[in-house]
Amino acid sequence: MSTDDTTPAPGLSRRKLLGAAGLGALAAGAAGAGAGYVVADEPAPAVVADPDAVPVPFDGAHQAGIVTPAQDRLYFVALDLTTQDRDSLVALLKQWTVASRQMTQGNDVGKLGAVGGSPYSPPEDTGEALGLPPSGLTITIGFGRGLFVDADGAPRFGLGGQLPDLLQELPGFSGDRLDPAISGGDLAIQACANDPQVAVHAVRNLVRIAFGRASVRYSQMGFGRTSSTSSAQVTARNLFGFKDGTANIKVEDRQDVDDFVWVHQDDGPAWLVGGSYLVSRKIDMRIETWDRESLQGQESIIGRAKGSGGPLSGGDEHEAIDFAAVGDDGEPAIGLKSHVRLAHPDVNDGAKLLRRGYNFVDGSNGLGQLSAGLFFIAYQRDPIKQFVRIQRSLAGLQNDLLNEYIVHVGSGLFACPPGVGPDGYWGEGLFA
Amino acid sequence: MKKHLAALGVLTMTAVSLAACASDPAETSASGDLTVSATDSECTVSAAKLDAGPSTFKITNKGSKVTEFYVYAEGDRIMGEVENVGPGLTRNLVVDLPKGTYEGACKPGMIGDGIRQTLTVSGAAAKPLSDSAELKAAADSYARYVKSQSDALIDKTTEFVDAVKAGDVDEAKALFPVARTYWERIEPVAEKFGDLDPITDGREPDAIAEGVDFTGWHRIEKQLWVEGNTEGMDVYADQLLDNVKQIVALGQDAPLTALELAQGSKGLLDEVATGKITGEEDEFSHTDLWDFKANIEGSQAAIASLRPVLEEQAPDLVAQLDEQFAAVDTELNQHQDPATGEWVSYDQLTKKQVKALSDVVAALSEPISQVAAVVAASA
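Chains as they are written, first to last, in the working numbering: chain D, 1 to 432; chain S, 1 to 379.
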């Protein structure tokens, strides 16, 4: 497609009429709240304003899609650069930024959009999101090690000197069965939205813009966010049926967000300050085996009650965990190899992660079993002190009991640059 | 190698003369008759400076391999070509060349970029054409390409059919991908004729689904590669040749418009992306890379015919197309044996090699998809 323009374009709203209707509904809702219920007046039924009609801001100090509230759906894609040309990489990042700003704000890609162009030309926008609201869409980009150096360590795109020290290959962990075809990548895009069609539309259009410069390595769809990133959200469940992310960093914990999510000035490199490291792990779950485990067995493996999410040491979901508590049998209430204990900051030098994972089901495996699991995503300031530290504690059959039911099959580490201003583009600090 | 044709007034004719009029390249301007002496390692045109206007090149093949002669304008746009000049034969090529710089190229063995010699044409500049005249010129140019390919298609299909009917399995297997090359280059023409295309180039699962007899190229391909014989193939062979001749005749009666050929240039890449990349076109013989290359060449020929229009309307697009066609050639040509012109069997490619081919085709398909709108805007 011809997206040679790299200047921000206002874009065409794919939902002009619907957008106006959304605002009208808001006004009607407000009026309804003020007025009492009067039978004789037959007031219009109170319409709840559509929260999906309000876009998540794209511009800002940090990229959206990290501490902004986790949406219901994910479409994640990793790409490899096929171009070797620095200018063409810069042009791609500029075009992606412009298109992403347009899409997250509920607009078509391009100046002419899905249906406004020449009848003989392929439309600039692919069109499947026409009429759909922004749906909370966020698009977040990350840079893999392969953007900076090739497999032999030789610099690419003149970026060798900009490679962050922490952007190493993740170490191997006991029990990993990583498939290179669904691991790594030079670039990653995380598109999250409350409507999967909106997330797919975003990725599809960005991939299309990249043809000739970058090629998809793998992609993953996810549903049912397994983490909440705000106290305003309820904790969702993973496919094992447990609440996942109870102890996650929440945007309201300003100190935690600052300490554990964003790269600081002193951390460097300069282009990454205000950004974050994204670790992705595709984790297959042995669903059928898990389902045959007793409730008590499941709860002691996790260390929490399945229903309430409360720790087995007592209390409701958000009760502090008492690792010293002892059960009727004289054993620790929270088992020494339970997931919640081994993942806890107290046993990991205080390390915390901002998790943003999603469940996935990729059909079935031909043996009557679901190909299902968790597409784990975590953001952090330092992947070695955080993800690697915690995963070392968890990995291996001698550790987390959960490992009997899960296997890590894909892995990625990406450095996500800070946010951009209205005229900026992703990764601009790299090319300054 | 690039096989496209665009030219004003190209005529090819076979001469029976075996005369070998070898002479040294003259530095003086020449008009009218020129000779081309082609061997397996040399290509000598009798003059390097020509007058504008029609020139006749008399090409004599003194080598041991079948050769071709081309006159290229900038960007390898073909002004004229003569194919299939066998050892010892002489053929004539008449080309009307406006002022400019060209290259004459012999291609011994019919592969590679050829042995080239610069030709400088001076004299009156060509009269500029109006927009619509340019589109007409593009369509005419492509029609001439179709004509040259059609002739070779009928020749090679006849040879293939003869080998099948003679029960010569090895010869038939060798000719199958060669004859199909000419077919695949001009596939958009065949696709215009809805009922003939499936019975000529249909696949077995579709025939079964439609409840019709499985016929055409791939029926014979299956017999040759799966059964290793030609039993019962006579009827399919005769029918194939009849259908190919019919498609050629229909195609010449209804040449593609400039817009159709713009769409055809994209259609050929879609063929590659959907049929060749997956290896499903030639599922028995695995000769997909021959078809792959032919589709690319056909697409390039259509773009070459449109080149003057595109250069005027969208020069950046032309630069992009040149770059991406070159990238496809580089990726693809490493799978060809430069000595024999044979392509690697498609089932021998690694997943990584197929992905690399898919990437370069996708990269070319994006700018190609913009061509039709440029042509439509020029009308």
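We treat Cβ as the ideally placed atom computed from N, Cα and C, and that holds for glycine.
Chain-order list of residues whose beta-carbon lies under 6 Å from that of residue i (same chain, five-residue window excluded)
i, result
"Ile377(D)", "Ser280, Arg356 and Gly357"
"His286(S)", "Ser345, Tyr346 and Asp347"
Close beta carbons around residue i, own chain, < 7 Å, minus the five adjacent residues each side
i, result
"Ser459(D)", "No answer is possible for residue 459(D): it lies beyond the span of chain D, which begins at 1 and ends at 432."
"Gly341(S)", "Gly109, Met110 and Ile111"
"Gln239(S)", "Thr215"
"Leu430(D)", "Leu159, Gln162 and Trp271"
"Asp349(D)", "Arg389"
"Arg219(S)", "Tyr236"
"Ala172(S)", "Phe160, Ala163, Val164, Leu224 and Thr230"
"Val216(D)", "Val77, Leu79 and Val207"
Between the CA atoms of residue j and residue i - distance to the nearest angstrom
i, j, result
"Ala114(D)", "Ser100(D)", "15 Å"
"Gly268(D)", "Ala188(D)", "21 Å"
"Ser378(S)", "Gln313(S)", "7 Å"
"Asp176(D)", "Ser313(D)", "31 Å"
"Cys416(D)", "Leu353(D)", "15 Å"
"Thr330(S)", "Arg213(D)", "16 Å"
"Thr200(S)", "Glu191(S)", "11 Å"
"Thr138(D)", "Ala202(D)", "9 Å"
"Val38(D)", "Asn107(D)", "Confidence in Val38(D) is poor, its pLDDT being 40 and thus under 50, which makes the residue's placement unreliable; the coordinate value appears in the next sentence. Rounded to the nearest angstrom, the two C-alpha atoms are 40 Å apart."
"Lys156(S)", "Pro255(S)", "22 Å"
"Gly267(S)", "Pro188(S)", "7 Å"
"Val98(D)", "Val328(S)", "29 Å"
"Ser94(S)", "Leu89(D)", "The identity of residue 94(S) in the sequence shown is Val, whereas the question assumes Ser. So the two alpha carbons sit approximately 47 Å from each other."
"Pro54(S)", "Met79(S)", "11 Å"
"Ala129(D)", "Ile209(D)", "17 Å"
"Asn248(D)", "Asp259(D)", "14 Å"
"Thr140(D)", "Ser150(S)", "52 Å"
"Ala70(D)", "Val226(S)", "56 Å"
"Ser411(D)", "Leu349(S)", "27 Å"
"Gly144(D)", "Leu413(D)", "6 Å"
"Val374(S)", "Glu260(S)", "13 Å"
"Gly310(D)", "His344(D)", "14 Å"
Contact set for residue i: own chain, Cβ-Cβ below 8 Å, skip 5 residues either direction
i, result
"Glu159(S)", "Leu175 and Ala179"
"Asp270(S)", "Ser365"
"Gln105(D)", "Gly11, Pro55, Phe58 and Pro134"
"Gln84(D)", "Arg156 and Phe157"
"Gln353(S)", "His335"
"His62(D)", "Trp262, Gly274, Gly275, Ser276, Pro418 and Gly419"
"Asn295(S)", "Glu184, Arg185, Glu187, Leu268, Leu269, Glu271, Val272 and Lys276"
Reduced DSSP category for residue i - H, G, I as helix; E, B as strand; rest coil
i, result
"Phe387(D)", "helix"
"Gly142(D)", "strand"
"Val371(S)", "helix"
"Arg144(S)", "helix"
"Lys62(S)", "coil"
"Tyr120(D)", "coil"
"Glu184(S)", "helix"
"Asp270(S)", "helix"
"Tyr379(D)", "strand"
"Gln220(D)", "strand"
"His339(D)", "helix"
"Trp426(D)", "coil"
"His218(S)", "helix"
"Asn84(S)", "strand"
"Met233(S)", "coil"
"Pro134(D)", "coil"
"Arg356(D)", "coil"
"Lys111(D)", "coil"
"Gln336(S)", "strand"
The ligand GTP heavy atom lying under 7 Å from the CB of residue i
i, result
"Glu331(D)", "For the ligand GTP, the structure offers nothing, since it holds no ligand at all."
Supposed close pair residue i, residue j - CB separation, criterion 8 Å
i, j, result
"Gly142(D)", "Leu278(D)", "5 Å"
"Val361(S)", "Ile277(S)", "7 Å"
"Gln391(D)", "Phe242(D)", "Between Phe242(D) and Gln391(D) the Cβ distance is about 19 Å, and since that is not below 8 Å, they are no contact."
"Lys306(D)", "Glu317(D)", "Between Glu317(D) and Lys306(D) the Cβ distance is about 11 Å, and since that is not below 8 Å, they are no contact."
"Asp80(D)", "Asp186(D)", "5 Å"
CB contact check: residue i to chain A, cutoff 8 Å
i, result
"Glu366(S)", "Protein chains in the displayed structure are D and S, and chain A is not among them."
### Query
Unbroken beta strand (DSSP E) runs of length 3 or more, entirely within the segment 67-98 of chain D: which are they?
73-81
### Task
With a floor of 3 residues, list each beta strand (DSSP E) that falls wholly inside the segment 250-329 of chain D, ordered by position along the chain.
276-285
### Query
Going along the chain, which unbroken runs of the beta strand (DSSP E) with 3 or more residues stay wholly within the segment 171-236 of chain D?
187-193 and 214-225
### Query
Going along the chain, which unbroken runs of the beta strand (DSSP E) with 3 or more residues stay wholly within the segment 95-123 of chain S?
100-106 and 115-122
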